[in-house]
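This report concerns only the one structure given below.
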Amino acid sequence: MKKQILVVGGAGYVGSHTVIKLLEKGYEPIILDNLSTGHKESITGGLFYECDLANIAHVRDIFKKHNIEAVMHFGANCYVGESVVNPHKYFKNNVSNTINLLEVMLEAGIKKFVFSSSAATYGNPVKIPIDEAHPQVPCNPYGLSKLFIEQIVSTYERAYGIKHIYLRYFNAAGADPEGRIGEDHYPETHIIPLLILTALGIKKQFTVFGNDYETSDGTCIRDYVHVMDIADAHVKALEFMDTEKRSEEFNLGSSMGYSVNEIISKVEQVSGKKIPVEYTERREGDPAILIAGCKKAREILGWRPHYSIEKTIMTAWEWHKKYPKGFKDVK
Ligand code: UFG
722 MKKQILVVGG AGYVGSHTVI KLLEKGYEPI ILDNLSTGHK ESITGGLFYE CDLANIAHVR
782 DIFKKHNIEA VMHFGANCYV GESVVNPHKY FKNNVSNTIN LLEVMLEAGI KKFVFSSSAA
842 TYGNPVKIPI DEAHPQVPCN PYGLSKLFIE QIVSTYERAY GIKHIYLRYF NAAGADPEGR
902 IGEDHYPETH IIPLLILTAL GIKKQFTVFG NDYETSDGTC IRDYVHVMDI ADAHVKALEF
962 MDTEKRSEEF NLGSSMGYSV NEIISKVEQV SGKKIPVEYT ERREGDPAIL IAGCKKAREI
1022 LGWRPHYSIE KTIMTAWEWH KKYPKGFKDV K
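Numbered by the working numbering, the letters in the sequence shown go through residues 722 to 1052 in order.
Okay, here's the thing in structure tokens:
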């Protein structure tokens, strides 16, 4: 019998790529998504339930139908800017709905939880690279919502024995190398898809938010990590919980920093198109530099990223070229 893994938010960007990895590794993903930001077309296998965590009776029903071994939780609203103007949405959908999920897990006696956390839980870095021991002082409600969940789950571990792995992603990027699925947010706010849409002529120009940062070329530096590498870490986290039976937290990044200007040139190289660019003021809440220290994931989880930045951009380019309107173009 295949092991059934509940994948909450499995129709979203990172969740859907993780479903591919779970299927490859012989697991049976049971996907739960309310499709508020996810796409039905991104589901490549497993069993799918359109379900909102707010509807605890429905969640309970799904748990009763299956023999769930572990829960992976990707379901969240994830726009930093929106979280600043509408924090209630983030605390309700991210935090309160996760408490529903945990409640049903407790009832069902499921004690393995892999959580999609974020570099946003660290806030403004006090040192670079950022390792897992870095202080967690989020500077926006999105990051705070992810940190609250970490703290709730850690408290539940002490009280109820729920084991967890927190995976704190830096900048997830790229697409399935076989071109089945990719990144499709509405509205799109992320740098790589926006640059590609500009290279494709769908957007007129790309706006750089600030070139007066204390970095080599004045633009922000980020650590981009391929979504399939992130997916791979989730499967490794499941295996780790089975063999080691303890909780951990890991950063997931490439440990390489690229400035916004460098990313623009790389997308130009991959696409062969000149991208029209304008420079404006800084976007509120953007730290100058975020680079992950990933020694812990390498040493304890045996994880390392396999995709270079060029390969990452290439997979994203191929997907957007094939589906310029995203999943709306997928038949
Ligand atoms: N950028 C631009 N112009 C744009 C979009 C982005 O200049 O139109 C810049 C940003 O200022 C930033 C960099 O490109 O310096 C990357 O921005 P993204 O919006 O692609 O990603 P973020 O670093 O803001 O956010 C990502 C995730 C969040 C997560 C955060 C953790 O998308 O979910 O990393 O720090 F919270």
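Where is the CB? At the ideal position from N, CA and C, for every residue including glycine. In this text, all values refer to a predicted model and were calculated from it rather than measured experimentally.
Span separating the alpha-carbon of residue i from that of residue j
| i | j | result |
| --- | --- | --- |
| F784 | A1018 | 30 Å |
| P859 | G766 | 35 Å |
| A854 | K957 | 21 Å |
| E969 | H787 | 26 Å |
| R781 | I1034 | 40 Å |
| L973 | S838 | 10 Å |
| L865 | V801 | 10 Å |
| E790 | V735 | 20 Å |
| L743 | R1004 | 36 Å |
| V792 | L753 | 11 Å |
| E909 | Q926 | 14 Å |
| V805 | P862 | 6 Å |
| P750 | A896 | 20 Å |
| M949 | E824 | 30 Å |
| G1047 | R879 | 43 Å |
| F795 | I984 | 26 Å |
| E1020 | T842 | 22 Å |
| N982 | N845 | 21 Å |
| D1007 | G978 | 15 Å |
Residue span of the alpha helix (DSSP H) that contains residue i, given as start and end
| i | result |
| --- | --- |
| F1048 | Taken as a continuous stretch (DSSP letters only), F1048 belongs to no alpha helix (DSSP H), as it is neither H nor E. |
| R781 | I777 to K786 |
| D963 | V948 to E965 |
| V735 | Y734 to E745 |
Neighbourhood of residue i by C-beta distance below 7 Å, restricted to the same chain and skipping five residues each side
| i | result |
| --- | --- |
| F869 | V816 |
| Q725 | E749, I751, H787, N788, I789 and E790 |
| Y811 | N798, S804, P862, Y863 and S866 |
| D933 | G939 |
| P1026 | V946, H947, D950 and S975 |
Neighbourhood of residue i by C-beta, 6 Å cutoff - its chain only, sequence neighbours within 5 removed
| i | result |
| --- | --- |
| K1042 | none |
| C1015 | N972, G974 and S976 |
| L822 | L774 |
| T928 | E999 and T1001 |
| I1012 | I849, P850, D944 and G978 |
Contacts around residue i, its chain only, beta-carbon distance under 8 Å, and the 5 residues preceding and following it disregarded
| i | result |
| --- | --- |
| V988 | I913, L916, I917, A920, I996, I1034 and W1038 |
| S737 | G731, G759, H760, S763, I764, T765 and I902 |
| K832 | M826, Y881, G882, I883 and K884 |
| T936 | I942, S980, A1009 and I1010 |
| L1022 | A954, K957, A958, F961, E969 and F971 |
| W1040 | A896, D897, G900, I902, G903 and E904 |
Beta strand (DSSP E) segment containing residue i, residue limits
| i | result |
| --- | --- |
| K884 | K884 to Y890 |
| E762 | Neither: E762 is in no beta strand (DSSP E) and is coded neither H nor E. |
| Y770 | L768 to E771 |
| E970 | E969 to L973 |
| E749 | E749 to D754 |
| E790 | I789 to H794 |
### Query
Could you give the uninterrupted runs of the beta strand (DSSP E) lying entirely in the region 823-880, keeping only those of 3 residues or more?
Along the length of the region 823-880, whole beta strand (DSSP E) runs at least 3 residues long occupy 833-839, reported in chain order.
### Message
Quick check for students: name the residue ranges of the beta strand (DSSP E) that lie wholly in the region 904-943, counting only runs of 3 or more.
### Response
The qualifying runs are 927-930.
### Query
Unbroken beta strand (DSSP E) runs of length 3 or more, entirely within the region 989-1016: which are they?
Given a length threshold of 3 residues, each whole run of the beta strand (DSSP E) inside the region 989-1016 is given here in chain order: 998-1001.
### Task
Would you list the residues whose beta-carbon is nearer than 6 Å to any heavy atom of the ligand UFG, in the order they occur in the chain?
Going by the Cβ distance cut-off, the answer is C799, V801, S839, A840, A841, Y863, N892, T910, H911, I912, L915, T928, V929, F930, C941, R943, V981, R1004, D1007 and L1011.
### Task
Give, in chain order, every unbroken run of the alpha helix (DSSP H) that is at least 4 residues long and sits entirely within the region 1020-1044.
The qualifying runs are 1030-1043.
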